[in-house]
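Quick mapping for you: the protein sequence lines, in order, are chains V and W.
UniProt numbering applies: residue 1 is where the first sequence begins, and numbers increase by one.
UniProt numbering applies: residue 1 is where the second sequence begins, and numbers increase by one.
All C-beta atoms, glycine included, are put in the ideal place defined by N, C-alpha and C.
2 protein chains.
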Amino acid sequence: MTARLTVLSGPSGVGKSTVVQGLRAARPDVWLSVSATTRRPRPGETHGVNYFFVDHAEFARMVEHGELLEYAEFAGNFYGTPRRPVIERLEAGVAVLLEIELQGARQVRASMPEALLVFLAPPSWDELVRRLVGRGTEPAEVIARRLETAKVELAAESEFDATVVNASVEGAVASLLDLMGLHAPGDPAAGS
Amino acid sequence: MTARLTVLSGPSGVGKSTVVQGLRAARPDVWLSVSATTRRPRPGETHGVNYFFVDHAEFARMVEHGELLEYAEFAGNFYGTPRRPVIERLEAGVAVLLEIELQGARQVRASMPEALLVFLAPPSWDELVRRLVGRGTEPAEVIARRLETAKVELAAESEFDATVVNASVEGAVASLLDLMGLHAPGDPAAGS
Numbered sequence: 001m002t003a004r005l006t007v008l009s010g011p012s013g014v015g016k017s018t019v020v021q022g023l024r025a026a027r028p029d030v031w032l033s034v035s036a037t038t039r040r041p042r043p044g045e046t047h048g049v050n051y052f053f054v055d056h057a058e059f060a061r062m063v064e065h066g067e068l069l070e071y072a073e074f075a076g077n078f079y080g081t082p083r084r085p086v087i088e089r090l091e092a093g094v095a096v097l098l099e100i101e102l103q104g105a106r107q108v109r110a111s112m113p114e115a116l117l118v119f120l121a122p123p124s125w126d127e128l129v130r131r132l133v134g135r136g137t138e139p140a141e142v143i144a145r146r147l148e149t150a151k152v153e154l155a156a157e158s159e160f161d162a163t164v165v166n167a168s169v170e171g172a173v174a175s176l177l178d179l180m181g182l183h184a185p186g187d188p189a190a191g192s
Numbered sequence: 001m002t003a004r005l006t007v008l009s010g011p012s013g014v015g016k017s018t019v020v021q022g023l024r025a026a027r028p029d030v031w032l033s034v035s036a037t038t039r040r041p042r043p044g045e046t047h048g049v050n051y052f053f054v055d056h057a058e059f060a061r062m063v064e065h066g067e068l069l070e071y072a073e074f075a076g077n078f079y080g081t082p083r084r085p086v087i088e089r090l091e092a093g094v095a096v097l098l099e100i101e102l103q104g105a106r107q108v109r110a111s112m113p114e115a116l117l118v119f120l121a122p123p124s125w126d127e128l129v130r131r132l133v134g135r136g137t138e139p140a141e142v143i144a145r146r147l148e149t150a151k152v153e154l155a156a157e158s159e160f161d162a163t164v165v166n167a168s169v170e171g172a173v174a175s176l177l178d179l180m181g182l183h184a185p186g187d188p189a190a191g192s
């Protein structure tokens, strides 16, 4: 049976990648899509694991041939989701999770309307502010701009199919697995 | 009769706004959509003419209520197209033209599949390079990055319904009017 694509998105600073790491630990059988990017690898990053590192000519070729499910530019670098690996796994019945930024999620809505779009929300505005302000080492203007951006990003929740509140990583992972129709290991219903 | 929305997009530096100005001069009856933005007005810009200048709270409200046909963030500012004015004019049979960046165009494809997406292309790669390099007063790294980005932006042509080559403004305006099913003034077919 063809599986359903799940997209996890949400505002900057909400903790998307921490929740994805938690889900990966709980259910290693869920396949996490690997993005292609034109940015240079950072120390410790591995090609094919963290990203597919490609040059702009190769990225342009993928765009031209419609090989990306979604793509976007951030600060001069391009990021995109190769379509074929996702489709192949879904067709093989493997659950696929895609963690992307909000604008990418809106593109997936267009290119794959049957995908489940999940919005990861902070437990409260104050908690998001706490995370975005961080250690308070940045200029007040930078922080103010980030909070203004967060306001708009939070409003995008209405474009999503479901919301998971990230009050605790365990709770968010459990809710996400639930939405995906999967069970956490140790869950009494896991064998059913 | 309901009119069709035309979207003009293309790589940075290709001359989109010059072509739009030319079209506005030739056919003042074509309605140009006015974007909402969170960025501050520049000297000479008028609210409601160049942009609708709104704060982040108001922009967030529009996002939340699905009032934008497309929106995107660039360098910390949000830009979006209010949906209702576009729909109202189209329903009144008025031709509407929307000049937006590539990622906005891809969103319109999703939210209004019947729109005509026109890609404005440079006459040649060398000509685009000439425009992007400009007066050569910027650091070589900035220029190099801009050219890399342009490569990917050019590849997006394949996502569009039609291409207009911007060899001359007059020629591009004529081709665009033609695609829109309109005539330029002085055109022998204009009275038909």
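* To do: Measure the alpha-carbon distance for E44 of chain V versus T37 of chain V and round it to whole angstroms.
  => Checking the sequence shown, residue 44 of chain V turns out to be Gly, not Glu. Rounded to the nearest angstrom, the two C-alpha atoms are 16 Å apart.
* S192 of chain W CB to nearest chain V CB: under 9 Å? -> Summary for S192 of chain W: the model assigns pLDDT 43, below 50, so the residue's position carries little reliability, and this model does not support an answer.
* **Touching by the beta-carbon criterion (3+ pairs, under 8 Å), the region 48–67 of chain V and the region 22–29 of chain V** => Short answer: they don't touch.
* **Secondary structure, beta strand (DSSP E): runs of 3+ residues fully inside the region 126–170 of chain W** => Listed in chain order, they are 162–165.
* With DSSP as the reference, label G191 of chain W as helix, strand or coil. => Per-residue confidence for G191 of chain W stands at a pLDDT of 47, beneath the threshold of 50, marking its modelled position as unreliable; the derived number appears in the next sentence. Here G191 of chain W sits in helix by DSSP.
* Asked: Who are the Cβ neighbours of N77 of chain W in its own chain at under 7 Å, not counting the five residues just before and after it?
  -> Closer than 7 Å at the Cβ level, and outside the excluded window around N77 of chain W, lie T37, T38 and R39.
* To do: Determine, using beta carbons only, whether L120 of chain W and L8 of chain W come nearer to each other than 9 Å.
  => For the 9 Å CB-CB criterion, L120 of chain W and L8 of chain W form a contact.
* Nearest-angstrom Cα distance between A115 of chain V and Y71 of chain W? -> Approximately 21 Å, taken between the alpha carbons.
* Asked: If we ignore side chains and look at the alpha-carbon of each, how far apart do K16 of chain V and Q21 of chain W end up?
  -> If you take the alpha carbons of K16 of chain V and Q21 of chain W, they lie about 43 Å apart.
* Asked: Going by the beta-carbon positions, is the gap between L32 of chain W and L176 of chain W smaller than 9 Å?
  -> Against a cut-off of 9 Å, the Cβ pair of L176 of chain W and L32 of chain W comes out as no contact.
* Minimum C-alpha distance to E91 of chain W - residue among W:E141, W:D161 and W:L5 -> Ranking W:E141, W:D161 and W:L5 by Cα distance to E91 of chain W puts W:L5 first.
* Report the residues of the region 12–29 of chain W with a CB closer than 7 Å to any CB of chain V, ordered along the chain. => Listed by position, the residues of the region 12–29 of chain W near chain V (Cβ gap below 7 Å) amount to none.
* Quick one: is L5 of chain W near chain V, going by C-beta distance under 9 Å? -> The beta carbon of L5 of chain W sits no closer than 9 Å to any beta carbon of chain V.
* Closer than 7 Å by beta-carbon distance: list the chain W residues that pair up with G66 of chain V, in chain order. => Result: S158.
* Distance between P113 of chain V and A105 of chain V (C-alpha atoms, nearest Å) -> Counting only the Cα atoms, P113 of chain V lies some 11 Å from A105 of chain V.
* Asked: Beta carbon of L179 of chain W, beta carbon of A162 of chain W: below 9 Å?
  -> Yes.
* Asked: Does DSSP put M62 of chain W in a helix, in a strand, or in coil?
  -> Residue state, collapsed to three classes: helix.
* Asked: Using the rule of at least 16 other Cβ atoms within 10 Å of the residue's Cβ for burial, across every protein chain shown, is E149 of chain V buried or exposed?
  -> Looking at the sequence itself, residue 149 of chain V is Thr, so the reference to Glu does not match. Of the residues assessed, T149 of chain V falls on the buried side of the cut-off, its CB having 16 or more other CB atoms within 10 angstroms.
* List the residues of chain W that A72 of chain V touches, going by C-beta distances under 8 Å, in chain order. => For A72 of chain V, the chain W residues whose C-beta falls within less than 8 Å of its own C-beta are Q103, listed in chain order.
* How is V96 of chain W classed by DSSP in three states: helix, strand or coil? -> V96 of chain W: strand per DSSP, three-state reduction.
* Counted within 10 angstroms of its Cβ, other Cβ atoms place R130 of chain V as buried (16 or more) or exposed -> If you draw a 10 Å sphere on the C-beta of R130 of chain V, you find fewer than 16 other C-beta atoms in it, and that means exposed.
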